[in-house]
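Structure, as structure tokens:
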Amino acid sequence: MSAQRFRLAVVYITLRRTTTAEFEAFLSLVYPTELGVLPNPDENGWRNILSFASTCGSTALITTALAGLDAYLQPIEKVLLGDKLGIPALTKQGVREVCIRTAPPTFNEGRELGLENVVSVAILRGKTQCYRLNRASALTEALLQETLASGTPTWLRLLHARSYHRMRTGRLGVLVVR
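The number in my numbering is simply the position in the sequence shown, starting from 1, with 45 added.
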């Protein structure tokens with residue numbers, strides 16, 4: 046029998062959008078300093094792991110990082126971080142928490158959230174009244190998904206365009222949409 050040659054394929058992965066801190070946080074999970082003892086990262090460590098996981102697209106690592114970060118993040122931060130890293134599950138969780146709390150978003154929170162997210166929250170709170178006592182279940186997953194997927198409604202884009210025209214010209218012009 047002749048000896049067969051095996052070729053080893055070497056695959057290099059370039060992580061251009063990953064910082065050293067994010068990669069080190071990931072390595073601390075994979076290679077703990079003490080065998081059998083998982084590290085317990087702080088908030089910044091979990092954020093680095095989440096950022097690394099979203100860059101790589103590792104759903105298991107994203108789930109692990111979200112579980113670790115859950116105790117640290119406020120609802121507004123969840124929406125912003127979910128939007129920034131492209132993690133719809135985190136965005137939905139944050140929007141749900143903002144909707145079901147008793148107090149509506151403050152002006153500062155509204156500025157942070159941005160127009161689309163504020164409108165989504167207002168629509169969901171108006172449709173479901175989920176912020177009232179024992180009404181949180183009215184905000185279903187399907188309704189949340191549908192509202193977030195629809196984006197900014199046409200009427201709001203038109204209203205914004207008119208406001209922008211008025212701001213630039215000092216008068217209300219006629220907006221013709223074709």
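Even glycine gets a Cβ: it sits at the ideal position worked out from N, Cα and C. These numbers come from a predicted model, not from an experiment.
Three-way DSSP call (helix, strand, coil) for residue i in this model
i, result
"V124", "helix"
"T136", "helix"
"E161", "helix"
"E67", "helix"
"V143", "helix"
"G90", "helix"
"V75", "helix"
"N179", "coil"
"S195", "helix"
"L201", "Caution applies to L201, whose pLDDT of 44 falls short of 50 and renders its modelled position unreliable; the value that the coordinates give is listed next. Residue state, collapsed to three classes: helix."
"A206", "Because A206 sits at a pLDDT of 45, beneath the cut-off of 50, its placement in the model cannot be relied upon, and the point is left open."
"T59", "coil"
"A116", "coil"
"L80", "coil"
"A105", "helix"
"R170", "helix"
"R52", "coil"
"T151", "coil"
CA nearest to the CA of residue i, picked from the options
i, options, result
"L60", "C175, Q138, G155 and G102", "G102"
"N89", "E191, P150, G171 and F71", "F71"
"G139", "K123, Y176 and P150", "K123"
"E186", "R141, L106 and L83", "R141"
"P149", "T109, R62 and Q174", "Q174"
"G159", "D128, A110 and R62", "D128"
Proximity below 8 angstroms, CB of residue i to CB of residue j
i, j, result
"A143", "V166", "Per the sequence shown, residue 143 should be read as Val rather than Ala. In this structure, V166 lies closer than 8 angstroms to V143 by Cβ."
"K137", "L189", "yes"
"Y176", "T147", "yes"
Integer Cβ distance of residue i from residue j, believed to fall under 8 angstroms
i, j, result
"L193", "E157", "Contact doesn't hold; Cβ gap of about 17 angstroms is too wide."
"I121", "E154", "5 angstroms"
"T63", "T100", "5 angstroms"
Legend entry - Three or more C-beta pairs below 8 angstroms linking the region 95 to 107 and the region 59 to 73: By the Cβ criterion, the region 95 to 107 is in contact with the region 59 to 73, since at least three pairs of Cβ atoms, one from each stretch, lie closer than 8 angstroms.
Inset, instruction - Could you tell me whether the region 116 to 132 touches the region 171 to 183, where touching means 3 or more Cβ pairs closer than 8 angstroms? - result: Three or more Cβ pairs closer than 8 angstroms define a contact, and the region 116 to 132 falls short of that threshold against the region 171 to 183.
Inset, instruction - Check whether the region 111 to 127 touches the region 71 to 79, taking contact to mean three or more Cβ pairs, one atom from each stretch, closer than 8 angstroms. - result: Contact check between the region 111 to 127 and the region 71 to 79: fewer than three CB pairs, one atom from each, fall below 8 angstroms, which does not count as touching.
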